[in-house]
Amino acid sequence: MLQKIADMKNHISKQQDIVISEYEITDEPMANPYLKKLSHTLRKKIENLSDELYDMASAQPEQAVVRLKEAVRQYPDVPQFSNYLMMAYSKIGEWEKIDSLITENYKRYPDYLFAKLNYAELCLRRKQIDEIPIIFDDNFDLKLLYPKRKKFHIAEVIGFMGIAGIYYHETGERKSAELCYSVLRQLNPQHEKTRRLKGKLYPSVFSKLFRR
472 MLQKIADMKN
482 HISKQQDIVI
492 SEYEITDEPM
502 ANPYLKKLSH
512 TLRKKIENLS
522 DELYDMASAQ
532 PEQAVVRLKE
542 AVRQYPDVPQ
552 FSNYLMMAYS
562 KIGEWEKIDS
572 LITENYKRYP
582 DYLFAKLNYA
592 ELCLRRKQID
602 EIPIIFDDNF
612 DLKLLYPKRK
622 KFHIAEVIGF
632 MGIAGIYYHE
642 TGERKSAELC
652 YSVLRQLNPQ
662 HEKTRRLKGK
672 LYPSVFSKLF
682 RR
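Rendered as structure tokens:
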């Protein structure tokens, strides 16, 4: 899948202007920018290892933890290994280790989008809503956050819109939150982040009664 979709930016200002920009979204594997400077041989070695450890983290998380820790030590400039380590931890319920790794990755890889997204999710869970604009440099437009990029993976867009939508809802910017939900619904109506934002914007009668 390759498509263009409008992304929304809401300036954190008194005017609350909404700016629309466009970029391409794909569900195909994307080149890893952290590997561009490496030799072809080393790049292929890391890519193959990455595929292997991703599958292991999904199917054999306990065994994957040891291998992934070693990969993080051996290739500290490849943030994907830390991401897979978090996935393995989540499979075995090591929630405290996940939170610690999320904070560590955010500091270690400040430009890595998934490090930002994971840390933003952590802040939402901790009710630290004021931290969200700081994480994204007061910028809620992916294209402006990464001006050199013309294409984003669907997982990046869903993660970003999911965070932005919740942030806008919590700060009373319903129109902006609804725009985020519209994008999420187009990309994956059944995704957890789509359903979460829908629940915030359009709570069921049962949910309303439960909140009371």
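Sequential numbering of the sequence shown, starting at 472, is according to this note's numbering.
C-beta atoms are modelled at their ideal positions from N, C-alpha and C, and glycine is treated no differently.
Small disclaimer: the values here were computed from a predicted structure and weren't measured.
Secondary structure of residue i, DSSP reduced to three states
{"i": "I483", "result": "Low confidence applies here, because I483 scores a pLDDT of 32, under 50, leaving its location unreliable; read the following figure in that light. I483 falls in the coil class under three-state DSSP."}
{"i": "I496", "result": "strand"}
{"i": "K598", "result": "coil"}
{"i": "F631", "result": "helix"}
{"i": "F607", "result": "coil"}
{"i": "K515", "result": "helix"}
{"i": "H685", "result": "Residue coverage of the chain in this structure runs from 472 to 683, which leaves residue 685 outside it and unanswerable."}
{"i": "K622", "result": "strand"}
{"i": "E641", "result": "helix"}
{"i": "L613", "result": "helix"}
{"i": "S647", "result": "helix"}
{"i": "Y504", "result": "Here residue 504 turns out to be Pro, not Tyr, going by the sequence shown. P504: helix per DSSP, three-state reduction."}
{"i": "L672", "result": "helix"}
{"i": "L655", "result": "helix"}
{"i": "R667", "result": "helix"}
{"i": "S510", "result": "coil"}
{"i": "I491", "result": "Low per-residue confidence applies at I491: pLDDT is 48, beneath 50, and the placement is therefore not dependable, though the value from the model is reported in the following sentence. Strand."}
{"i": "D478", "result": "Because D478 sits at a pLDDT of 45, beneath the cut-off of 50, its placement in the model cannot be relied upon, and the following sentence gives the value as read from the coordinates. D478 falls in the strand class under three-state DSSP."}
{"i": "G636", "result": "helix"}
Residue from the options whose Cα sits closest to the Cα of residue i
{"i": "N499", "options": "K508, W566, E518 and I625", "result": "Note that residue 499 corresponds to Glu in the displayed sequence, not to Asn. The option with the nearest alpha carbon to E499 is I625."}
{"i": "V628", "options": "R645, R579, D609 and Y652", "result": "Y652"}
{"i": "I563", "options": "Q534, D612 and Y546", "result": "Q534"}
{"i": "T642", "options": "Q661, P604 and K619", "result": "P604"}
{"i": "I496", "options": "K622, L595, Q551 and S571", "result": "K622"}
{"i": "K664", "options": "S675, H640 and I634", "result": "I634"}
{"i": "Y639", "options": "L668, Q661 and F585", "result": "L668"}
{"i": "K619", "options": "D582, Y546 and E649", "result": "D582"}
{"i": "S521", "options": "Q551, Y505, L506 and T574", "result": "Q551"}
{"i": "I637", "options": "K508, E518 and Y673", "result": "Y673"}
{"i": "K507", "options": "I569, V536, D548 and L658", "result": "D548"}
CB-CB length for residue i against residue j, believed under 8 Å
{"i": "N589", "j": "M558", "result": "At roughly 11 Å, the Cβ-Cβ gap does not stay under 8 Å, so N589 and M558 are not in contact."}
{"i": "Y494", "j": "L613", "result": "7 Å"}
{"i": "N576", "j": "S553", "result": "5 Å"}
{"i": "Y555", "j": "A528", "result": "5 Å"}
{"i": "A607", "j": "L595", "result": "According to the sequence as given, residue 607 is Phe; it is not Ala. F607 to L595, Cβ: 13 Å. No contact."}
Give a yes or no on contact between the stretch 530-541 and the stretch 508-518, applying the rule of three or more CB pairs nearer than 8 Å. no
Please go through the stretch 512-600 and give each complete alpha helix (DSSP H) segment of 4 or more residues, from N-terminal end onward. 532-545, 550-563, 566-579 and 584-596
So, does the stretch 629-648 touch the stretch 580-596, judging by three or more C-beta pairs under 8 Å? yes
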